[in-house]
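**Q**
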Amino acid sequence: MKIDYGVVDFRWDIYDALVADAVGMQLNYEKLDVVRMARLLCIDVYRRTKSWPGDERMLGGLGHQVRRASVSVCLNLAEGSAGTSADFARFVQISTKSLVEVRESLMLAAELGFQPYDDAIEETLTTLYFKLINLRRVLQTQPTRARQTKSEIQQTQSTNSP
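My numbering applies: residue 83 is where the sequence shown begins, and numbers increase by one.
(1) Just checking my contact of Leu221 with Ser167 at CB under 8 angstroms: how many whole Å lie between their CB atoms?
(2) Beta-carbon of Ile176 versus every beta-carbon of chain B: anything under 8 angstroms?
(3) Kindly list the residues whose CB is nearer than 8 angstroms to the CB of Leu194, restricted to its own chain and excluding five residues on each side of it in sequence; keep chain order.
(4) Taking the C-alpha atoms as reference points, what is the distance between Arg149 and Glu112?
(5) Is Met189 helix, strand or coil by DSSP?
(6) Going by C-alpha distance, which of Gln147, Ala151 and Gln175 is nearest Arg121?
(7) Where does Ala191 land, buried or exposed, given buried means 16+ other C-beta within 10 angstroms?
(8) Taking the continuous alpha helix (DSSP H) assigned at Tyr128, which residues delimit it?
(9) Val155: which of Arg219, Met189 and Leu207 sits nearest, CA to CA?
(10) Would you mind giving the Cβ-Cβ distance between Phe285 and Trp134, rounded to the nearest angstrom? I have them listed as a contact below 8 angstroms.
(11) Can you tell me whether DSSP reads Gly200 as helix, strand or coil?
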């Protein structure tokens with residue numbers, strides 16, 4: 083089953099990242115592409131692991147671990163959004179590490195014969211990985227711009243355009 087994550091390339095809407103501070107992000111973090119993608123990935127992981135052997139789905143099994151890691155990707159984005167830009171950047175880094183854990187777990191599951199590791203999940207994981215990296219980079223390098231309104235950002239972008 084292929085889930086449409088709604089993202090086909092690595093283009094990044096800079097405004098999404100710039101609104102990610104303690105003032106505006108607490109209620110708006112759900113609008114970020116990375117949050118939507120992380121949530122869909124978590125749902126996909128739960129669906130994939132349903133068919134794994136019972137002992138792997140139990141506490142301590144690979145299925146349990148990959149589920150926890152996929153949930154960690156989502157929840158760290160939500161938790162981090164409630165803090166400062168620096169806090170959010172740190173939580174985005176934790177989400178990125180959890181995403182790498184999800185990837186390795188799914189690859190290991192394929193080696194163990196639980197299910198194939200297909201191109202669709204690899205594309206999803208890669209896209210989400212780079213979106214998380216970009217979000218973290220913006221949060222770290224432009225914390226003061228995060229407090230600008232959308233119209234201020236658009237005005238700045240139009241005056242800086244050739």
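For glycine and all other residues, C-beta sits at the position ideal for the given N, C-alpha and C.
**A** Result, derived from the coordinates:
(1) Counted from its first residue, the sequence shown places residue 221 at position 139. Counted from its first residue, the sequence shown places residue 167 at position 85. In this structure Leu221 touches Ser167 by the C-beta definition: roughly 5 angstroms separates them, less than 8 angstroms.
(2) In the displayed structure, chain B is absent; only one protein chain is listed.
(3) Here residue 194 is taken as the residue at index 112 of the sequence shown, counted from 1. So the qualifying residues of the chain are Leu144.
(4) Sequence index remark: in the sequence shown, residue 149 carries index 67 (1-based). Sequence index remark: in the sequence shown, residue 112 carries index 30 (1-based). Going from the Cα of Arg149 to the Cα of Glu112 covers about 20 angstroms.
(5) Against the sequence shown, residue 189 aligns to sequence position 107. Met189: helix per DSSP, three-state reduction.
(6) For this step, residue 121 is matched to residue 39 along the sequence shown. Checking every option, the nearest Cα to that of Arg121 belongs to Ala151.
(7) Walking along the sequence shown from the start, residue 191 turns up at place 109. Buried: at least 16 other Cβ atoms inside 10 Å.
(8) As a working note, residue 128 is residue 46 in the sequence shown. Its alpha helix (DSSP H) spans residues Asp115 to Thr131.
(9) Reading the sequence shown from its first residue, position 73 is the one you call residue 155. Cα-wise, what sits closest to Val155 is Leu207.
(10) The structure shown does not extend to residue 285, since the chain is modelled only from 83 to 244, so the question has no answer here.
(11) By one-based count along the sequence shown, residue 200 stands at place 118. Position check: residue 200 holds Asp in this sequence, whereas Gly was assumed. DSSP places Asp200 in coil when its eight states are reduced to three.
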